[in-house]
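I have placed the structure first, in the form of structure tokens, so that the comments after it can refer back to it.
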Amino acid sequence: MAFHTTRWSLVARAGTDDLAGRQALAELCQAYWQPVYWLYRRLRVDPERARDLTQGLFAHLLERGDLRRADPQRGRFRAWLRACARHWLADEHERERAHKRGGGAVVLSLDVAAEESRYGLQAVDHLDAEALFERRWAQTVIERALVRLEREETTARRGALFPHLRVVLEGEGPRRPWADLARELDTSEGALKVAAHRLRARFRDCLVAEVRDTLPDDVAPGDEVNELRRSLDAGAETPRQSR
Amino acid sequence: MDTDDQRPPAHDKLLRQALGATEHPAPWTAPGLDTLAAVFPELLVEDLIGQGGMAAVYRAVQKKLERRVALKVLRPDLAKEPEFVARFLREARALAQLQHPHVLTVYDFGEREGLCYLLVEYVDGANLRELMAMGRLSPAEALRLVPQVCAGLQFAHEHGIVHRDVKPENVLVDRHGQVRLADFGLAKLAGGSDPSLTRSSMVFGTPHYMAPEQWRGSGTVDHRADIYSLGVLLYELLTGRLPVGTYEPPSRSAGVPAGLDRVVHRSLEQEPERRYQSAREVQREVEAQSTDAAAPEAAGRPVAAVADDAGFVRRGWALFVQAVLLLLVSGVGLAMFVAVQRRRFFAREIAEHEIAVRERTLAAMRQALAQGDAWTQAPPEAKTFTLVEALPAPAFAAIVGTWVLATLVLVALLLVRAGRYGRGRSRFLWSLVAACAWLPFLAGLGFGLFQLAGSGVRRDAIANVLAAGFTATAAGLLFAWLWRRSATLARGPEPARRWLLASSCLVALASAVGVATYAQAAPSGVTTTLVQGVLRGDRLLGASRATVLDSLGPPRAISASATGMTWTYRTPDAAEATLTLQGDHVAVAESRALVPEGRAGVGPYLGQQLRDVVARLGAPVETMHGRLVDRFTFAGGIEITVAHDVVIGVERGK
Chain A
0 MAFHTTRWSL VARAGTDDLA GRQALAELCQ AYWQPVYWLY RRLRVDPERA
50 RDLTQGLFAH LLERGDLRRA DPQRGRFRAW LRACARHWLA DEHERERAHK
100 RGGGAVVLSL DVAAEESRYG LQAVDHLDAE ALFERRWAQT VIERALVRLE
150 REETTARRGA LFPHLRVVLE GEGPRRPWAD LARELDTSEG ALKVAAHRLR
200 ARFRDCLVAE VRDTLPDDVA PGDEVNELRR SLDAGAETPR QSR
Chain B
0 MDTDDQRPPA HDKLLRQALG ATEHPAPWTA PGLDTLAAVF PELLVEDLIG
50 QGGMAAVYRA VQKKLERRVA LKVLRPDLAK EPEFVARFLR EARALAQLQH
100 PHVLTVYDFG EREGLCYLLV EYVDGANLRE LMAMGRLSPA EALRLVPQVC
150 AGLQFAHEHG IVHRDVKPEN VLVDRHGQVR LADFGLAKLA GGSDPSLTRS
200 SMVFGTPHYM APEQWRGSGT VDHRADIYSL GVLLYELLTG RLPVGTYEPP
250 SRSAGVPAGL DRVVHRSLEQ EPERRYQSAR EVQREVEAQS TDAAAPEAAG
300 RPVAAVADDA GFVRRGWALF VQAVLLLLVS GVGLAMFVAV QRRRFFAREI
350 AEHEIAVRER TLAAMRQALA QGDAWTQAPP EAKTFTLVEA LPAPAFAAIV
400 GTWVLATLVL VALLLVRAGR YGRGRSRFLW SLVAACAWLP FLAGLGFGLF
450 QLAGSGVRRD AIANVLAAGF TATAAGLLFA WLWRRSATLA RGPEPARRWL
500 LASSCLVALA SAVGVATYAQ AAPSGVTTTL VQGVLRGDRL LGASRATVLD
550 SLGPPRAISA SATGMTWTYR TPDAAEATLT LQGDHVAVAE SRALVPEGRA
600 GVGPYLGQQL RDVVARLGAP VETMHGRLVD RFTFAGGIEI TVAHDVVIGV
650 ERGK
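For the record, the sequence lines run as chains A and B.
Numbering-wise, the first sequence is residues 0 to 242 according to numbering that gives the first Met the number 0.
Numbering-wise, the second sequence is residues 0 to 653 according to numbering that gives the first Met the number 0.
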């Protein structure tokens with residue numbers, strides 16, 4: 000988790016011909032397929048179709064390594080992926096005529112059913128496709144940060160505490176009084192509070208680490224974090240005009 | 000993540016929590032002026048002029064030297080750690096060694112009663128952020144400032160001090176266009192003391208000026224980090240934007256010489272080794288570019304003037320807000336005050352009039368009876384008595400009062416505009432003028448108290464004291480508060496100031512509307528009363544008092560006859576009009592301008608009632624009370640209201 004070369008800058012530097020670069024890109028794609036799925040879902044409505052488009056895009060990116068249209072040297076992974084997704088859609092009809100790509104190419108495991116069940120209701124109607132993409136992106140980053148945090152906690156043998164303390168990350172107290180919880184977990188109330196405080200700080204770090212992974216080396220994560228927040232806020236607001 | 004929980008997590012809460020803890024370092028309150036006065040007896044601490052996450056800056060005067068200084072006080076909780084204090088003193092000592100025209104001079108430093116402080120040179124001007132916010136810093140001017148920044152940095156670097164926080168807020172420009180670099184090394188101080196606080200603010204705050212090695216937290220940070228920040232500063236000064244991501248070369252976006260692109264690029268290199276290795280190199284390059292291109296137009300407007308303007312704007316805004324608020328309070332206060340005063344004065348006058356009317360009516364009636372012609376004739380023409388109450392219209396007083404007050408405040412603002420605000424005598428004058436505006440209220444307060452003491456507890460006197468006292472106190476407190484806060488108010492960022500301006504305008508507008516509404520609602524002009532009565536024996540059986548309220552202003556003439564009353568007006572188009580109230584009806588006679596448009600009311604009914612009473616004289620009739628209102632509307636928005644208060648009492652038999 001040290002701040003060395005970020006995943007995205009590895010892709011940018013090595014290119015997709017390189018094995019390490021390819022590997023990094025695959026990881027990133029697997030991490031952020033949901034926003035793309037919802038982008039297509041919003042534009043094409045049908046979940047099947049959206050899934051195929053998503054799968055096709057990633058197959059294209061990972062197998063052919065065709066990065067001509069969007070140059071990974073420039074900017075952030077989020078913007079790059081969004082541009083690629085847009086281009087892929089624009090070429091849709093052309094591709095169908097050529098019918099060369101095997102429609103069934105599966106490069107990533109996309110659990111569309113779970114995604115639909117968790118976010119189907121949330122697919123905010125008033126957001127346009129791009130805003131939905133941004134919103135889901137922000138959510139994905141946060142989810143990944145949570146996963147990362149949990150993994151770290153487990154590795155550090157504090158995994159047992161995590162499910163109980165998770166609520167503090169949302170700014171709430173635990174569901175039961177601290178004292179009760181401390182007794183159950185066989186620790187002191189003070190220690191528990193310290194652990195909660197530490198967990199919050201760690202979560203922040205995880206969030207930054209996740210964000211940084213999608214940025215070039217030399218870009219500070221502040222702007223990106225602010226944008227994430229904006230796109231989350233946009234989803235919570237009243238309907239806005241589509242572009 | 001929770002496997003049993005299929006609901007998505009509360010993303011926004013998570014994000015807000017994660018950021019919330021970082022974006023705003025724990026809020027703290029800067030020590031009050033009283034506290035500081037106790038801690039620093041040798042200083043006259045005047046005003047809080049700025050407050051950040053780490054320190055507060057006050058304007059002060061060293062009493063002995065009569066020298067203006069800036070007192071920077073670090074947040075007190077930092078000073079609780081002895082380690083921090085030691086480090087602070089070490090840094091400050093090194094800083095105090097720096098004597099350079101472009102480095103803010105440290106006069107004194109230390110730790111007193113839990114407060115770490117620096118006493119530094121006071122710069123009368125503005126910082127680069129403020130100058131940029133005004134949008135008045137041309138590339139040519141920027142190119143003349145940057146070399147001074149470089150010189151200051153170079154000097155500090157030579158003495159082994161790295162600034163670590165070069166940004167527009169820390170570059171002060173005085174009235175003569177001289178640059179001073181402030182806050183050397185304080186960032187480092189913060190960095191080591193409370194890692195959770197500052198590291199996160201480094202990540203999420205405004206990291207734009209930070210060199211990559213600084214926010215990465217890896218590798219050693221040396222003077223070349225300042226070179227990077229300098230590059231960001233230069234780019235922002237030239238283009239008005241920050242060099243984020245793939246940035247546009249300044250030559251393309253700002254039309255400056257292409258040579259500057261190279262300077263910016265090289266300053267912003269990721270690896271310190273590839274940047275300029277000293278601030279002097281940057282200075283040389285920038286100077287070379289500015290002599291090439293910027294020389295012709297640079298002669299135009301000196302930066303000094305801009306800095307001076309910025310200083311004014313800073314003070315001016317605050318005073319503008321202050322003035323508007325004062326205006327608002329004064330408007331409300333005046334309205335209250337006048338309302339109370341009016342009741343107090345005019346209630347008594349009206350009561351006196353009523354007594355006079357009754358007595359005169361009776362006297363006249365008796366006289367008529369003595370003449371023996373009173374009730375035998377039909378229809379009985381009542382004797383007519385006229386009273387003219389010329390009461391000063393309260394709305395008029397309110398408007399004049401507010402206007403006078405506004406003028407006083409504006410005069411004070413003019414004093415400020417002349418640039419003399421803040422110096423002893425003018426400041427005193429301005430306070431005096433503003434204080435004078437409240438004299439009427441203080442006078443009212445005194446008068447009310449005098450009344451209370453003299454004539455025992457009276458309701459109107461209490462109301463008077465309360466109204467005047469409340470107004471004077473509220474206004475005084477507000478004034479004192481604004482007086483202290485003015486500098487702080489004005490130091491906000493540009494959008495905040497714009498917001499202040501907009502809201503002040505709204506408040507001013509609301510205040511004006513309020514006063515106007517009050518003026519409209521209050522009766523204006525002159526109230527005239529006509530009394531008619533009926534007498535039997537020596538008793539008053541019936542009386543009618545007609546009050547005419549008009550909006551024409553005072554009548555030019557009022558004449559009364561035995562049968563009626565006539566008002567003569569000059570109408571807005573300078574024609575003359577007469578209005579006659581005769582018996583039971585109002586007639587508009589000989590009017591060229593007063594064209595009746597409508598009439599509402601039950602005036603004629605009154606006459607009928609009076610006649611009925613007279614006709615049934617001798618028969619048992621009960622006492623009747625009534626108020627009958629006639630309202631006449633005329634072209635040009637003129638409205639005349641006639642109110643008839645009727646009391647009729649008839650005795651049984653003779």
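Backbone N, C-alpha and C define an ideal beta-carbon position, used for all residues, glycine too.
Measuring alpha carbon to alpha carbon, tell me which of B:94, B:109 and B:63 ends up nearest residue 81 of chain B. The count along the second sequence starts at 1 and reaches residue 81 of chain B at position 82. Looking at the Cα atoms, B:109 is the closest of the given residues.
Per DSSP, which residues does residue 178 of chain B bridge with? Please list them. As a first step, residue 178 of chain B must be located in the second sequence, where it is residue number 179. Answer is B:172, bridged to residue 178 of chain B.
Residue 10 of chain B touches chain A at which residues, Cβ-Cβ below 7 Å? Residue 10 of chain B sits at position 11 when you count from the first residue of the second sequence. 137, 138, 141 and 231, listed in chain order.
Helix, strand or coil at residue 111 of chain B according to DSSP, with G and I counted as helix: Your numbering for residue 111 of chain B matches position 112 in the second sequence. Of the three classes helix, strand and coil, the one that applies to residue 111 of chain B here is strand, per DSSP.
Contact set between the segment 154 to 172 of chain A and chain B, restricted to residues whose Cβ is under 9 Å from the partner: 162, 165, 167, 168, 169, 170 and 171
Starting from the C-beta of residue 167 of chain A, find all residues in its chain whose C-beta is less than 8 Å away, skip the five residues before and the five after it, and write them out in chain order. The count along the first sequence starts at 1 and reaches residue 167 of chain A at position 168. Cβ within range, chain order: 173, 195, 198 and 199.
If you reduce the DSSP assignment to three classes, tell me which class residue 46 of chain B lands in. Residue 46 of chain B sits at position 47 when you count from the first residue of the second sequence. The answer is strand: DSSP assigns residue 46 of chain B an E or B state.
Given that residue 266 of chain A touches chain B, what residues does it touch there, using C-beta distances under 9 Å? There is no way to answer for residue 266 of chain A, as the model of chain A reaches only from 0 to 242.
Distance between residue 10 of chain B and residue 186 of chain A (C-alpha atoms, nearest Å): Counting from 1 along the first sequence, the entry for residue 186 of chain A is found at position 187. Counting from 1 along the second sequence, the entry for residue 10 of chain B is found at position 11. Roughly 30 Å between the two C-alpha positions.
Using beta carbons (cut-off 8 Å, strictly below), is residue 206 of chain A in contact with chain C? Absent here is chain C; the protein component of the structure consists of chains A and B.
Measuring CA to CA, which of B:114, B:92 and B:85 is closest to residue 37 of chain B? Numbered from 1 along the second sequence, position 38 holds the residue referred to as residue 37 of chain B. Measuring from the Cα of residue 37 of chain B, the nearest candidate turns out to be B:114.
Please report the distance separating the alpha-carbon of residue 181 of chain A from that of residue 158 of chain A. One-based indexing of the first sequence puts residue 181 of chain A at position 182. One-based indexing of the first sequence puts residue 158 of chain A at position 159. If you take the alpha carbons of residue 181 of chain A and residue 158 of chain A, they lie about 15 Å apart.
Please list, in chain order, the chain B residues whose beta carbon lies closer than 8 Å to that of residue 61 of chain A. Counted from its first residue, the first sequence places residue 61 of chain A at position 62. Those do not exist, as residue 61 of chain A stays about 25 Å from chain B at its closest Cβ, beyond 8 Å.
How many whole angstroms separate the CB atoms of residue 214 of chain A and residue 223 of chain A, which I take to be in contact at a CB cut-off of 8 Å? Locating residue 214 of chain A in the first sequence gives position 215, where the first residue counts as 1. Locating residue 223 of chain A in the first sequence gives position 224, where the first residue counts as 1. About 6 Å; that satisfies the 8 Å criterion.
Please go through the same chain and pick out, in chain order, the residues whose beta-carbon is closer than 7 Å to the beta-carbon of residue 265 of chain B, but skip the five residues on each side of it. Working through the second sequence from its first residue, we reach residue 265 of chain B at position 266. Correct list, in chain order: 274 and 275.
If we ignore side chains and look at the alpha-carbon of each, how far apart do residue 281 of chain B and residue 173 of chain B end up? Looking up residue 281 of chain B in the second sequence gives position 282. Looking up residue 173 of chain B in the second sequence gives position 174. Cα to Cα, the separation comes out at about 23 Å.
With H, G and I counted as helix, E and B as strand and the rest as coil, what does DSSP make of residue 54 of chain B? Stepping through the second sequence from its first residue, residue 54 of chain B is reached at position 55. Strand at residue 54 of chain B.
Consult DSSP for residue 116 of chain B and reduce its assignment to one of helix, strand or coil. Locating residue 116 of chain B in the second sequence gives position 117, where the first residue counts as 1. DSSP places residue 116 of chain B in strand when its eight states are reduced to three.
Taking its Cβ as the centre, do 16 or more other Cβ atoms sit within 10 Å of residue 175 of chain B, making it buried, or is it exposed? Within the second sequence, numbered from 1, the residue matching residue 175 of chain B stands at position 176. By the 10 Å Cβ count, residue 175 of chain B comes out exposed.
Could you name the residues of the same chain whose beta carbon sits closer than 7 Å to that of residue 226 of chain B, not counting the 5 residues immediately before and after it, in chain order? As a working note, residue 226 of chain B is residue 227 in the second sequence. So the qualifying residues of the chain are 266, 274, 275, 278 and 281.
For the segment 30 to 55 of chain A, list every residue whose C-beta sits within 8 Å of some C-beta in chain B, in sequence order. none
Note the first and the last residue of the continuous alpha helix (DSSP H) segment covering residue 139 of chain B. Within the second sequence, the letter at position 140 stands for residue 139 of chain B. 138 to 157 is the span of the alpha helix (DSSP H), which, as asked, contains residue 139 of chain B.
For the beta strand (DSSP E) holding residue 66 of chain B, just list the boundary residues, first then last. Taking the second sequence and counting its residues from 1, the one referred to as residue 66 of chain B is at position 67. Its beta strand (DSSP E) spans residues 66 to 73.
Determine the extent of the beta strand (DSSP E) in which residue 158 of chain A is found, giving its start and end residues. The sequence position of residue 158 of chain A within the first sequence is 159, counting from 1. Residue 158 of chain A -> no beta strand (DSSP E), and no H or E assigned at all.
Does the distance from the C-beta atom of residue 236 of chain B to that of residue 97 of chain B stay below 8 Å? Stepping through the second sequence from its first residue, residue 236 of chain B is reached at position 237. Stepping through the second sequence from its first residue, residue 97 of chain B is reached at position 98. Result no, Cβ atoms of residue 236 of chain B and residue 97 of chain B do not sit closer than 8 Å.
Using the Cβ count rule (16 or more neighbours within 10 Å means buried), how would you classify residue 40 of chain A? What you label residue 40 of chain A is simply residue 41 of the first sequence in a count that begins at 1. So residue 40 of chain A counts as buried.
Measure from the C-beta of residue 175 of chain A to each C-beta in chain B and report whether the shortest distance is under 8 Å. One-based indexing of the first sequence puts residue 175 of chain A at position 176. It does not; no Cβ of chain B falls within 8 Å.
Under the assumption that residue 116 of chain B contacts residue 67 of chain B (Cβ atoms under 8 Å), give the Cβ distance between them as a whole number of angstroms. On the second sequence, residue 116 of chain B is found 117 positions in, with the first residue counted as 1. On the second sequence, residue 67 of chain B is found 68 positions in, with the first residue counted as 1. Contact flag wrong, Cβ pair sits at about 16 Å.
In three-state terms, what does DSSP make of residue 106 of chain B? The residue given as residue 106 of chain B occupies position 107 in the second sequence. Strand.
DSSP beta-bridge partners of residue 126 of chain B: Against the second sequence, residue 126 of chain B aligns to sequence position 127. DSSP output for residue 126 of chain B lists B:171 as bridge partner(s).
For residue 10 of chain A, which of helix, strand or coil comes out of DSSP? Counting from 1 along the first sequence, the entry for residue 10 of chain A is found at position 11. Helix.
Classify residue 89 of chain A as helix, strand or coil using the three-state DSSP reduction. Within the first sequence, numbered from 1, the residue matching residue 89 of chain A stands at position 90. Looking at residue 89 of chain A - three-state DSSP - the assignment turns out to be helix.
Endpoints, alpha helix (DSSP H) assigned at residue 76 of chain B: Here residue 76 of chain B corresponds to residue number 77 of the second sequence, with the count starting at 1. Here residue 76 of chain B belongs to no alpha helix (DSSP H), and DSSP marks it neither H nor E.
What does a CB cutoff of less than 7 Å around residue 104 of chain B pick up in its chain, not counting 5 residues either side in sequence? Taking the second sequence and counting its residues from 1, one reaches residue 104 of chain B at position 105. Result list for residue 104 of chain B: 98, 119 and 120, in chain order.
Assuming residue 88 of chain B and residue 42 of chain B are in contact, meaning their beta carbons sit under 8 Å apart, how far apart are those beta carbons, in whole angstroms? Reading the second sequence from its first residue, position 89 is the one you call residue 88 of chain B. Reading the second sequence from its first residue, position 43 is the one you call residue 42 of chain B. 19 Å between Cβ atoms; not a contact.
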